[in-house]
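Chemist: Once you've had a glance at the structure underneath, I'll fire off some questions.
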Amino acid sequence: MNAQYNEQVKDKRVVYFDFDSDVVKEEFRPLVDLHAKRLNNNRKIALNLEGHTDERGGREYNLALGQRRAEAVAKSLTLLGVQAAQVEAVSFGKERQAV
């Protein structure tokens, strides 16, 4: 499972959102599902979810938006059976770009 998982997510670790949105886009559901399977198969694994935004908007607004984005992915994972304790959501807003 490890080698297969690593190959499948090698270049697919970022979930992109529409402008000013915190809704996980349908095209990223398979990636979220893949991570959920991995986490459900090994309850000792933890995942740090980082929320980011672009440079538009104020600092506080972007920190909040980044947090909502990270939490949206976390919620998607928990709805797929991942334990909440395995997932931590933090925001970097526009202070640190995702890629």
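Numbered per full-length UniProt numbering, the sequence shown finishes at 99, counting up by one with no gaps. We put the CB at the ideal spot given by N, CA and C, even for glycine. Please read these numbers as outputs of a predicted model, since none were measured by experiment.
Hey, how far is the Cα of residue 57 from the Cα of residue 41?
Modeler: Position 57 of the sequence shown, counted from the first residue, corresponds to residue 57. Position 41 of the sequence shown, counted from the first residue, corresponds to residue 41. One C-alpha to the other measures close to 39 Å.
Chemist: Which residue's Cα is closest to the Cα of residue 18: 97, 95, 54 and 76?
Modeler: For the purposes of this step, residue 18 is taken as the residue at position 18 of the sequence shown. Ranking the options by Cα distance to residue 18, first place goes to 54.
Chemist: Helix, strand or coil for residue 66 per DSSP?
Modeler: By one-based count along the sequence shown, residue 66 stands at place 66. Residue 66 falls in the helix class under three-state DSSP.
Chemist: Between residue 87 and the rest of its own chain, which residues show a CB-CB distance below 6 Å, the 5 nearest in sequence each way excluded?
Modeler: The count along the sequence shown starts at 1 and reaches residue 87 at position 87. Excluding sequence neighbours, residue 87 sits near 47, 74 and 77.
Chemist: Taking the continuous beta strand (DSSP E) assigned at residue 49, which residues delimit it?
Modeler: Position 49 of the sequence shown, counted from the start, is the residue given in the question as residue 49. From DSSP, the beta strand (DSSP E) with residue 49 extends over 47-52.
Chemist: Under 8 Å by Cβ, that's how I've got residue 81 and residue 69 pegged, so tell me the actual separation to the nearest angstrom.
Modeler: To locate residue 81, count along the sequence shown from 1; it is residue 81. To locate residue 69, count along the sequence shown from 1; it is residue 69. So it is not a contact: roughly 21 Å between Cβ atoms.
Chemist: Compute every distance between the C-beta of residue 50 and the non-hydrogen atoms of the ligand GDP, then say whether any falls below 8 Å.
Modeler: Absent from the structure shown: the ligand GDP. Ligands present: none.
Chemist: Given that a residue counts as buried once 16 or more other Cβ atoms are within 10 Å of its Cβ, and exposed if not, what is residue 49?
Modeler: Along the sequence shown, read from residue 1 onward, the residue named residue 49 stands at position 49. Around the beta carbon of residue 49, a 10 Å sphere encloses 16 or more other beta carbons of the protein chains shown; the residue is thus reported as buried.
Chemist: Residues bridged to residue 91 by DSSP?
Modeler: Taking the first residue of the sequence shown as position 1, residue 91 is located at position 91. Paired residue(s): 51.
Chemist: Leaving aside the five residues before and after residue 22 along the sequence, list all residues of the same chain whose C-beta is less than 7 Å from its C-beta, in chain order.
Modeler: Residue mapping note: residue 22 aligns to position 22 of the sequence shown, counting from 1. Cβ within range, chain order: 65, 68, 69 and 72.
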